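*Asks:* Going down the list, the sequences are from chains G and L.
Residue numbers for the first sequence follow this note's numbering, so the first one is 162 and each next one is one higher.
Residue numbers for the second sequence follow this note's numbering, so the first one is 11 and each next one is one higher.
Backbone N, C-alpha and C define an ideal beta-carbon position, used for all residues, glycine too.
Every value quoted in this text rests on a predicted model; they were computed, and no experiment measured them.
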Amino acid sequence: MHKDFDLKIENMSKIEGHASLEIKVRNGAVESAKLIVGENKRFYEEAMRGKPFSTIPQMVSRICGTCSIAHLTCATEAIEKALDIKPSKQTLVLRKLATLGTILRDHAMHLYFFVLPDIFRKPSVFEFDKAQHKFLHDGFSLKAAGNKITKLVAGRAIHAIYSQIGYFSKVPDKSKVKETIAYLKNVREKVFDLIDVIWNCDFSFKRKTNYVALADPSFAFLEGDLIDSYGDIIKEKDFSNHLNEIVIPYSQGEGYTFKGEEYFVGALARLNVNKKSLHENTKKDLKKYLNVFPSSDIYHNNLAQAIEMLHCIDASLDYLEFEFKKEKKPEIKIKKSNGVGVVEAPRGVLYYKLSITKEGKIDFGTLVTPTAQNQIRMENDIKLLVTKLLDKPEKEIQHEVEKLIRAYDPCMTCASNFLKIKWI
Amino acid sequence: MKKLSIGIFSFTCDEGCSMQILEVFNNKFKEWENLIEIKHFRLISPRKDIEKLDVAFVEGAISTKRDLEGLKKVRETSKKVIAIGSCAINGFPSNQRNFFDKKVKQKIKPFLKKFNHLENVEPIKKFISVDGEINGCPISEDDFIKVLEDCLIEFGVKDA
Numbered sequence: 162m163h164k165d166f167d168l169k170i171e172n173m174s175k176i177e178g179h180a181s182l183e184i185k186v187r188n189g190a191v192e193s194a195k196l197i198v199g200e201n202k203r204f205y206e207e208a209m210r211g212k213p214f215s216t217i218p219q220m221v222s223r224i225c226g227t228c229s230i231a232h233l234t235c236a237t238e239a240i241e242k243a244l245d246i247k248p249s250k251q252t253l254v255l256r257k258l259a260t261l262g263t264i265l266r267d268h269a270m271h272l273y274f275f276v277l278p279d280i281f282r283k284p285s286v287f288e289f290d291k292a293q294h295k296f297l298h299d300g301f302s303l304k305a306a307g308n309k310i311t312k313l314v315a316g317r318a319i320h321a322i323y324s325q326i327g328y329f330s331k332v333p334d335k336s337k338v339k340e341t342i343a344y345l346k347n348v349r350e351k352v353f354d355l356i357d358v359i360w361n362c363d364f365s366f367k368r369k370t371n372y373v374a375l376a377d378p379s380f381a382f383l384e385g386d387l388i389d390s391y392g393d394i395i396k397e398k399d400f401s402n403h404l405n406e407i408v409i410p411y412s413q414g415e416g417y418t419f420k421g422e423e424y425f426v427g428a429l430a431r432l433n434v435n436k437k438s439l440h441e442n443t444k445k446d447l448k449k450y451l452n453v454f455p456s457s458d459i460y461h462n463n464l465a466q467a468i469e470m471l472h473c474i475d476a477s478l479d480y481l482e483f484e485f486k487k488e489k490k491p492e493i494k495i496k497k498s499n500g501v502g503v504v505e506a507p508r509g510v511l512y513y514k515l516s517i518t519k520e521g522k523i524d525f526g527t528l529v530t531p532t533a534q535n536q537i538r539m540e541n542d543i544k545l546l547v548t549k550l551l552d553k554p555e556k557e558i559q560h561e562v563e564k565l566i567r568a569y570d571p572c573m574t575c576a577s578n579f580l581k582i583k584w585i
Numbered sequence: 011m012k013k014l015s016i017g018i019f020s021f022t023c024d025e026g027c028s029m030q031i032l033e034v035f036n037n038k039f040k041e042w043e044n045l046i047e048i049k050h051f052r053l054i055s056p057r058k059d060i061e062k063l064d065v066a067f068v069e070g071a072i073s074t075k076r077d078l079e080g081l082k083k084v085r086e087t088s089k090k091v092i093a094i095g096s097c098a099i100n101g102f103p104s105n106q107r108n109f110f111d112k113k114v115k116q117k118i119k120p121f122l123k124k125f126n127h128l129e130n131v132e133p134i135k136k137f138i139s140v141d142g143e144i145n146g147c148p149i150s151e152d153d154f155i156k157v158l159e160d161c162l163i164e165f166g167v168k169d170a
């Protein structure tokens, strides 16, 4: 039996943002496992209050450099719902493309730069050996592919400039559309090498939970209702009725339960509840891998992300065939109202509720990020994992715990911004 | 062959600028691979070496005592410190809490105290001397390339 010990990991690398972990083992049992968001709060919910509604999408984009497009899009959707603005078909296509590009880029970042070093047993991509070096460059190529899509339709990959409330301020350049299509076709096969490596690695940690995702019928991460593993269908506007916020005293972030239980959001949840909606070409080429879903293995979140990368390429190739033309700006009528936006960010369900005054100012805004929703389950899994590894050397425990956390793909930058204050 | 040793450091911000540097690498890494040594870049490497850096790129504003200690250490161990992005240079948008009204400031106070936040969120030049700036939110890819290329020449890694 291992004696009492404390395990501390400060400022973990290869995850988004700053996080630390503190594990306490007493009398051969894990007394506590704390995943601490070390990212400094920037109080975006408070900062939104009193600002004109039109400034909000660009403002909340700055919550996260990684998934800025998801915050921008989700806030835009909430405002459009509040003010009854119906975006055109073209606007929706452009929004889907910007999102597909973001997800492709983010997953590439996570899988090549954070996960592959674990699989190859190297500290980072910079230490890859000759045979593995190809994956470093593939990683850059796939990240570039995602960026190309987002830059083409939204102007920039980080804090995009063409995406507006109700429309896009610029139509994609035809020659650049062609160039992007060619680039995507060229890099598509690299994804198979990545899937193969992830498929052949023996990482596994199974524990059943409730998986919740937006079941977009076109798997474009933006539309449809939320579905969970019990098959319950929840409208976007009702989602928050099922959530309970849990304050985590030692952390600058918080946690949530759904229907009173821990749950998981992210690529694994999306494939568990909605794999039928993936692009036909993706389904045809990845049949063997898709059979494992629904899965309760958290490491299949990595596989699910890799599958989504191929889907993002295939779906983008279709949407890029759209005949884009200049459209009129929709008219906006300000009124006192509330609106809810829900999108799938790369790491799972993102929720915004915005309340607008009759003068067009934000009365209050609230948001729920994917990492906050996964926090409780993540901590429970860490506890369970350490319990199983108690007789192993501390270095190995640390390595296994970090690996597990990376499979969750947490984003601490997102998780830290919201201080729940009851406004009277 | 001498390489340019660099570190990328992130304080209070959304990490959009370090993400942008990684986007620059999409196209430039092949070319720079043998010219630069990345000694510190928490986002992608567990290496936490900050000794004898030629150039430190610093993103983010300073919000906590911990940020401040980290920043000072970076200054001590780096020949050149370059502030990247609006948060590091202007404090904004990470400093929005500085402008809250009294009522809100009062409400967030216990939280700030508990996690050792400073009274205000500040740009890095408030605490250390800065040798260069790349502005933007996030920084532009071209601006970063230009500054890095100039550093390669300045530190004798590449001929002018």
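Compare the C-beta of I31 of chain L against all C-beta atoms of chain G and say whether one is closer than 8 Å.
*Replies:* Reading the second sequence from its first residue, position 21 is the one you call residue 31 of chain L. Output row for I31 of chain L: interface = no.
*Asks:* Measure the beta-carbon distance from L261 of chain G to A381 of chain G and round it to whole angstroms, keeping in mind my assumption that it falls under 8 Å.
*Replies:* By one-based count along the first sequence, residue 261 of chain G stands at place 100. By one-based count along the first sequence, residue 381 of chain G stands at place 220. L261 of chain G to A381 of chain G, Cβ: 7 Å. Contact.
*Asks:* Report the three-state DSSP secondary structure of C575 of chain G (helix, strand or coil).
*Replies:* Reading the first sequence from its first residue, position 414 is the one you call residue 575 of chain G. In this structure, C575 of chain G counts as helix in the three-state DSSP scheme.
*Asks:* Below 8 Å between beta carbons is the criterion; list the residues of the segment 61 to 88 of chain L that meet it against any residue of chain G, in chain order.
*Replies:* For the segment 61 to 88 of chain L, which is checked against every Cβ of chain G, the residues closer than 8 Å are S73, T74 and D77.
*Asks:* Show which residues of chain L have a CB atom less than 7 Å away from the CB atom of K346 of chain G.
*Replies:* Taking the first residue of the first sequence as 1, we reach residue 346 of chain G at position 185. What K346 of chain G touches in chain L: nothing, since even the nearest Cβ is about 18 Å away.
*Asks:* Over the uninterrupted beta strand (DSSP E) stretch that includes R187 of chain G, give me the two end residues.
*Replies:* What you label residue 187 of chain G is simply residue 26 of the first sequence in a count that begins at 1. Where R187 of chain G is concerned, the enclosing beta strand (DSSP E) stretches over A180 to R187.
*Asks:* Any beta carbon from chain L within less than 8 Å of H320 of chain G's own beta carbon?
*Replies:* Here residue 320 of chain G refers to the residue found at position 159 of the first sequence. So, interface residue.
*Asks:* Between the alpha carbons of S285 of chain G and E177 of chain G, how many angstroms are there, rounded?
*Replies:* Taking the first sequence and counting its residues from 1, one reaches residue 285 of chain G at position 124. Taking the first sequence and counting its residues from 1, one reaches residue 177 of chain G at position 16. Those two C-alpha atoms are separated by around 15 Å.
*Asks:* Could you spell out where the beta strand (DSSP E) holding V426 of chain G opens and where it closes?
*Replies:* Taking the first sequence and counting its residues from 1, one reaches residue 426 of chain G at position 265. Per DSSP, V426 of chain G belongs to no beta strand (DSSP E) and is neither H nor E.
*Asks:* May I ask you to verify whether the segment 248 to 266 of chain G touches the segment 471 to 484 of chain G, counting CB pairs closer than 8 Å and requiring at least 3?
*Replies:* The segment 248 to 266 of chain G, when compared against the segment 471 to 484 of chain G, does touch it at the 8 Å Cβ threshold.
*Asks:* Given I585 of chain G, which residues of its chain have a CB within under 7 Å of its CB, disregarding the five upstream and five downstream residues?
*Replies:* Taking the first sequence and counting its residues from 1, the one referred to as residue 585 of chain G is at position 424. Confidence in I585 of chain G is poor, its pLDDT being 31 and thus under 50, which makes the residue's placement unreliable; the coordinate value appears in the next sentence. The answer is none, since no qualifying residue turns up.
*Asks:* Spatial neighbours of K581 of chain G within its chain, please: CB distance less than 7 Å, with the 5 preceding and 5 following residues excluded, ordered by chain position.
*Replies:* Mapped onto the first sequence, residue 581 of chain G falls at position 420. Reliability fails at K581 of chain G, whose pLDDT of 46 lies under 50, so the model's placement of it is uncertain and no value is given.
*Asks:* What's the C-alpha gap between S577 of chain G and E200 of chain G?
*Replies:* As a working mapping, residue 577 of chain G is identified with position 416 in the first sequence. As a working mapping, residue 200 of chain G is identified with position 39 in the first sequence. Going from the Cα of S577 of chain G to the Cα of E200 of chain G covers about 6 Å.
*Asks:* Inspect the beta-carbon positions of F154 of chain L and V34 of chain L and report whether they are closer than 8 Å.
*Replies:* Numbered from its first residue, the second sequence carries residue 154 of chain L at position 144. Numbered from its first residue, the second sequence carries residue 34 of chain L at position 24. Yes. Within cutoff.
*Asks:* Cutting at 8 Å between CB atoms, please list the residues of its own chain near K583 of chain G, excluding the five before and the five after it.
*Replies:* Within the first sequence, numbered from 1, the residue matching residue 583 of chain G stands at position 422. Here the model assigns K583 of chain G a pLDDT of 39, short of 50, so the residue's position is not dependable, and the following value carries that caveat. Cβ within range, chain order: n/a, list empty.
*Asks:* Give me the subset of the segment 96 to 121 of chain L whose CB atoms are less than 7 Å from a CB atom of chain G, sorted by chain position.
*Replies:* Within the segment 96 to 121 of chain L, the residues whose Cβ lies closer than 7 Å to some Cβ of chain G are P103, S104, Q106, R107, F110, V114, K117, I118 and F121, listed in chain order.
*Asks:* What does N308 of chain G reach in chain L if we use C-beta pairs closer than 8 Å?
*Replies:* The residue labelled residue 308 of chain G in the question sits at position 147 within the first sequence. Within chain L, the residues near N308 of chain G are E33 and N36.
*Asks:* Could you list which residues in chain G have their beta carbon closer than 7 Å to that of S55 of chain L, in chain order?
*Replies:* Position 45 of the second sequence, counted from the start, is the residue given in the question as residue 55 of chain L. Under the 7 Å cutoff, chain G gives S174, P284, S285 and F287.
*Asks:* Run through the segment 380 to 407 of chain G for me and flag every whole beta strand (DSSP E) of 3 or more residues, listed as ranges in chain order.
*Replies:* Within the segment 380 to 407 of chain G, the complete beta strand (DSSP E) runs of at least 3 residues are 387 to 389.
*Asks:* So Q106 of chain L packs on F204 of chain G, CB below 8 Å; how close in whole Å?
*Replies:* In the second sequence, residue 106 of chain L corresponds to position 96, counting from 1. In the first sequence, residue 204 of chain G corresponds to position 43, counting from 1. Indeed they touch by this definition, with Cβ atoms about 6 Å apart.
*Asks:* Taking a Cβ distance cut-off of 8 Å, strictly less, list which residues of the segment 39 to 54 of chain L are near chain G, in chain order.
*Replies:* So the list reads F39, K40, I48, R52, L53 and I54, given in the order they occur along the chain.
*Asks:* For L481 of chain G, collect the residues of the same chain with a Cβ closer than 6 Å to its Cβ; drop the 5 residues on either side in sequence, then sort them by chain order.
*Replies:* Within the first sequence, numbered from 1, the residue matching residue 481 of chain G stands at position 320. V338 and I342, listed in sequence order.
*Asks:* Shorter than 8 Å from the beta carbon of D153 of chain L to some beta carbon of chain G?
*Replies:* Reading the second sequence from its first residue, position 143 is the one you call residue 153 of chain L. It does not: the Cβ of D153 of chain L has no partner Cβ on chain G nearer than 8 Å.
*Asks:* For the structure I just gave you, are there three or more beta carbon pairs, one from the segment 140 to 154 of chain L and one from the segment 235 to 250 of chain G, closer than 8 Å?
*Replies:* In short, these stretches do not touch, since the Cβ pair count stays below three.
*Asks:* Return the residues of the segment 206 to 219 of chain G that lie within a Cβ-Cβ distance of less than 7 Å from chain L, sorted by chain order.
*Replies:* So the close ones are E207 and A208.
*Asks:* List in chain order: all unbroken beta strand (DSSP E) runs of 3+ residues lying wholly within the segment 484 to 512 of chain G.
*Replies:* As far as the segment 484 to 512 of chain G is concerned, its whole beta strand (DSSP E) runs of at least 3 residues are 498 to 506.
*Asks:* Please state whether DSSP places P183 of chain L in a helix, a strand or coil.
*Replies:* Residue numbering for chain L in the displayed model covers 11 to 170; residue 183 of chain L lies beyond these limits and cannot be assessed.
*Asks:* Check the Cβ of C147 of chain L against every Cβ in chain G and list those closer than 8 Å, keeping chain order.
*Replies:* Here residue 147 of chain L refers to the residue found at position 137 of the second sequence. Ordered by position in chain G, the residues that pass the 8 Å Cβ test against C147 of chain L are R223 and H320.
*Asks:* Let me make sure I understand the geometry here. Which of G:S365, G:K369, G:P278 and G:A305 has the alpha-carbon closest to that of N347 of chain G?
*Replies:* Position 186 of the first sequence, counting from 1, holds the residue named residue 347 of chain G. Answer by Cα proximity: G:A305.
*Asks:* Would you give the residue range spanned by the alpha helix (DSSP H) that E41 of chain L belongs to?
*Replies:* Locating residue 41 of chain L in the second sequence gives position 31, where the first residue counts as 1. Run containing E41 of chain L: G26 to W42, per the alpha helix (DSSP H) assignment.
*Asks:* At 7 Å on the CB atoms, spell out the chain G contacts of D24 of chain L, in chain order.
*Replies:* To locate residue 24 of chain L, count along the second sequence from 1; it is residue 14. Within chain G, the residues near D24 of chain L are R223, I224, C225, G226 and T574.
*Asks:* Just the C-alpha distance for L447 of chain G and I118 of chain L, rounded to the nearest angstrom, thanks.
*Replies:* Here the question's residue 447 of chain G lines up with position 286 in the first sequence. Here the question's residue 118 of chain L lines up with position 108 in the second sequence. Roughly 50 Å between the two C-alpha positions.
*Asks:* Any beta carbon of chain G sitting closer than 8 Å to that of F125 of chain L?
*Replies:* For the purposes of this step, residue 125 of chain L is taken as residue 115 along the second sequence, with counting starting at 1. Closer than 8 Å to some Cβ of chain G, the Cβ of F125 of chain L qualifies, so yes.
*Asks:* Indicate whether I240 of chain G and L515 of chain G have their beta-carbon atoms separated by less than 8 Å.
*Replies:* Within the first sequence, residue 240 of chain G is the residue found at index 79, counting from 1. Within the first sequence, residue 515 of chain G is the residue found at index 354, counting from 1. For I240 of chain G and L515 of chain G, yes; Cβs fall inside 8 Å.
*Asks:* Roughly how far, in whole angstroms, is the beta-carbon of A194 of chain G from the beta-carbon of I543 of chain G, given that I think they are within contact range, below 8 Å?
*Replies:* Counting from one through the first sequence, the residue named residue 194 of chain G turns up at place 33. Counting from one through the first sequence, the residue named residue 543 of chain G turns up at place 382. Indeed, because the Cβ distance is near 4 Å, the residues count as touching under 8 Å.
*Asks:* Under 7 Å: does the beta carbon of S73 of chain L sit that close to some heavy atom of the ligand SAH?
*Replies:* For the structure depicted, the ligand SAH is absent and the ligand set is empty, with no information on it obtainable.
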